[in-house]
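Asker: Numbering (this note's numbering), first residue to last: 41 to 300.
C-beta atoms are modelled at their ideal positions from N, C-alpha and C, and glycine is treated no differently.
Sharing a structure below in structure tokens format, with a few things to ask.
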Ligand SMILES: [Fe+2]
């Protein structure tokens with residue numbers, strides 16, 4: 041399995057605290073059946089600033105340490121980028137990292153809302169040949185209340201990334217239900233761990249895929265697995281039309297939305 045979102049690099053955000061923790065996380069990832077992990081430290085989220093050079097260097101060092109420890113896990117560079125004013129300019133200047141050097145770029149929204157600039161940022165990135173991957177939309181309050189806030193961005197050409205723990209049910213029944221419904225409605229395309237440690241926020245990809253297979257069938261589970269692989273190989277992912285599912289989504293979640 042491939043994991044496109046993790047906080048395995050030590051010392052630079054709220055993920056691994058030190059090299060020992062990073063290596064312990066890597067061991068967990070390997071035991072879970074993960075072969076490749078994209079390290080995506082927080083960037084520009086108001087607390088952490090992690091421009092590209094420091095991430096590249098830490099990835100190189102972690103891979104060296106993994107080889108020394110005999111762990112075959114491969115770590116690739118990435119970034120979880122909060123949507124901010126200078127994003128496009130900083131991307132042009134080379135301060136930002138896409139996922140494993142691909143056209144796919146991992147974007148984080150504040151958990152409470154969908155920024156007004158989200159649509160224009162996604163649009164501009166797509167025009168420039170990048171594909172925005174929206175991190176854990178199921179954990180965004182506005183998306184949870186009104187999933188059309190997400191599907192609008194998906195229709196523009198963005199992708200959605202669910203958290204493995206949300207799918208597995210570790211974050212509660214409500215989040216699991218919403219996650220599975222977003223899968224059914226083709227509003228999300230990839231599952232990733234967003235692992236921060238090996239206790240509270242672990243990798244747990246195999247568990248998420250097992251739930252997905254049980255609830256939605258093997259082809260859906262395979263679709264998600266293949267998309268992670270395609271992202272790191274910079275291949276185009278298969279999309280399904282999310283518009284046909286709008287009516288049921290509104291019916292399901294309309295109760296929570298202002299329009300409802
Ligand atoms: Fe994250």
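Less than 9 Å between the C-beta atoms of residue 175 and residue 234, yes or no?
Answerer: Yes, these two residues count as a Cβ contact at 9 Å.
Asker: Ignoring anything shorter than 4 residues or poking outside the segment 162–244, list the alpha helix (DSSP H) runs there in chain order.
Answerer: With a minimum length of 4 residues, the continuous alpha helix (DSSP H) runs that stay inside the segment 162–244 are 181–185, 188–196, 204–208 and 213–224.
Asker: Alpha carbon to alpha carbon, how far is residue 189 from residue 134?
Answerer: Rounded to the nearest angstrom, the two C-alpha atoms are 30 Å apart.
Asker: On the CB-based measure, 16 or more other CB atoms within 10 Å of its CB, does residue 145 come out buried or exposed?
Answerer: So residue 145 ends up on the buried side.
Asker: To the nearest angstrom, report how far apart residue 200 and residue 94 are at their CA atoms.
Answerer: In a straight line, the C-alpha of residue 200 is about 27 Å away from that of residue 94.
Asker: Taking 8 Å as the cut-off, is the C-beta of residue 92 nearer than that to any heavy atom in ligand 1?
Answerer: No, the beta carbon of residue 92 sits no closer than 8 Å to any heavy atom of ligand 1.
Asker: Can you tell me which of 73, 197, 231 and 241 puts its alpha carbon nearest to the alpha carbon of residue 113?
Answerer: Per the Cα distances, 73.
Asker: Report back the beta-carbon spacing between residue 65 and residue 237 to the nearest angstrom; my notes put them in contact at under 8 Å.
Answerer: Confirmed, about 7 Å.
Asker: May I ask you to list the residues that DSSP assigns as paired with residue 38?
Answerer: The question about residue 38 has no answer here: the residues shown for the chain are numbered 41 through 300.
Asker: If you measure from the CB of residue 161, is any heavy atom of ligand 1 nearer than 8 Å?
Answerer: No, Cβ of residue 161 sits at least 8 Å from all heavy atoms of ligand 1.
Asker: Apart from the five residues just before and just after residue 151, which ones in its own chain have a Cβ nearer than 7 Å to its Cβ?
Answerer: So the list reads 179, 180 and 181, once near-sequence residues are dropped.
Asker: Could you have a look at residue 155 and say whether DSSP puts it in helix, strand or coil?
Answerer: Coil, per DSSP.
Asker: Fully enclosed by the segment 100–141, which beta strand (DSSP E) runs are 3 residues long or longer?
Answerer: Listed in chain order, they are 114–117 and 120–122.
Asker: How should residue 262 be labelled, buried or exposed, when 16 other C-beta atoms within 10 angstroms of its C-beta is the threshold for buried?
Answerer: It counts as exposed.
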